[in-house]
Amino acid sequence: MKKKDMRPKPKARKDKKTAKARLASIIMNGPITIWSILFIIVPVVILAVMSFMSKGPLGIVVYKPTLDNYRNIFSSMYINVIKESLIIAFWTTILTVLLGYPFASIMAKMKRKTSGLFMILMMIPMWVSGLVIIYSFVILFNQSGIINTILMKLGLISKPLTMLYTNFSVTVGMLYMFMPFSVLPMFSSIEKLDPALIEASKDLGAGPVRTFFKVQLPLTSPGIFAAVLLTFIPCIGYYMVTDMLGGGTNMMIGNLIYRQFTISRNWPFGAALAMVLAVVILLMVWVYKKVGGNLDDLG
């Protein structure tokens, strides 16, 4: 009589390994999943629900469903704020990309130690407090500040220029704050570019300009798209620069949301504005993916 083979069958062993792999995956991803649910999904759901509520006496949220908050957003006053936000964010993004791309190209051609040093210098705005940076620009752009003092001593101007509390000061402040977000993805994209492709283009008779537009620019476009996204998204919601360098005259959607939650105490309307901003951001991410962008490039 033959003994029965008690060894597990290959399929059973495979199923057991799969179950172990799933359990390991759950254990590894569990903390980040719980963190995401508690601190991302739940707050967004609360914000979305609150955006349909009403404001009661003394800023109390009244749980009475209404669409008035979203209707008010499309009034002329708030549309102008959204328009101003888009314009400032647009020009800041364009300027950071135009100024950042040549700098990223130069860094990519440097030796690793030198480019590392420049990378550290580029990261300084991200390490220093935003308030310190903004106050530095206030000192620079003030009518009795460094720039006006130098220009008047050189005889280039007869009276101080009005630079503070203007679109100019806001744009320059934004430019400085968000330049690292633009340079880093473009540097990464340019650094990965195969130099042999540039040499091949030159060997085939293409000049530097044609090589740039026909070879380098298309191949590094993912880095440019990532730079646009990483600059535009935080820029449109940033309120410290416009508050302190714009003097309250330049209001962006970030300032408006901040004031609704702190000064006006109209939380439902602030939540509705935040949801509109979130939709704009998601739309930009969707467009980024549609044009071939990779979310991994965004870090």
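Going by full-length UniProt numbering, the sequence shown opens with residue 1, and the numbers climb by one from there. Built from N, CA and C at the ideal position, the CB exists for glycine as well.
- Under the criterion of beta carbons closer than 8 Å, residue 252 and residue 242 qualify as touching, at roughly 5 Å.
- Counting of Cβ neighbours within 10 angstroms places residue 232 among the buried residues, the total reaching 16 or more.
- Apart from the 5 residues on each side of it in sequence, residue 104 sits with its Cβ closer than 6 Å to the Cβ of 183, 186, 187, 190 in its chain, given in chain order.
- In the DSSP annotation of this structure, the continuous segment of the alpha helix (DSSP H) that includes residue 260 starts and ends at 253-262.
- In the DSSP assignment, residue 55 forms a beta bridge with 61.
- Boundaries of the alpha helix (DSSP H) harbouring residue 200: 195-203, taken from the DSSP string.
- Between the stretch 191-209 and the stretch 130-143, the count of C-beta pairs closer than 8 Å stays below three; the two stretches do not touch.
- Taking all protein chains shown into account, residue 96 has 16 or more neighbouring C-beta atoms within 10 Å of its C-beta and is therefore buried.
- Proximity to residue 141 across 157, 133, 168, 163 peaks at 163, based on C-alpha coordinates.
- Annotation: the continuous alpha helix (DSSP H) that includes residue 81 extends over 76-109.
- Assigned with DSSP and collapsed to three states, residue 238 falls in coil, not helix or strand.
- By the Cβ test, the stretch 265-274 is in contact with the stretch 34-52, since at least three Cβ pairs between them sit closer than 8 Å.
- Under the DSSP assignment, residue 288 falls in the alpha helix (DSSP H) whose first and last residues are 267-290.
- Collapsing the DSSP output to three states places residue 148 in a helix.
- By the beta-carbon neighbour count (other beta carbons within 10 angstroms, threshold 16), residue 213 is exposed.
- Residue 171 and residue 240 have their C-alpha atoms roughly 12 Å apart.
- Counting along the chain, no alpha helix (DSSP H) covers residue 142, and no H or E run does either.
- When secondary structure is reduced to three states using DSSP, residue 226 falls in the helix class.
- Residue 229 is positioned such that its CB atom lies closer than 8 Å to that of residue 285.
- CA-CA distance, residue 244 to residue 102, rounds to 30 Å.
- The C-beta distance from residue 106 to residue 176 rounds to 19 Å, too long to meet the 8 Å contact threshold.
- No Cβ-Cβ contact shorter than 8 Å links residue 277 with residue 260.
- In the structure shown, residue 160 adopts coil according to DSSP, grouped into three states.
- Here the alpha carbon of residue 123 sits roughly 19 Å from the alpha carbon of residue 109.
- For residue 118, the uninterrupted alpha helix (DSSP H) run begins and ends at 112-127, by DSSP.
- Taking the Cα of residue 211 as reference, the smallest distance to any Cα among 222, 198, 223, 221 is reached at 198.
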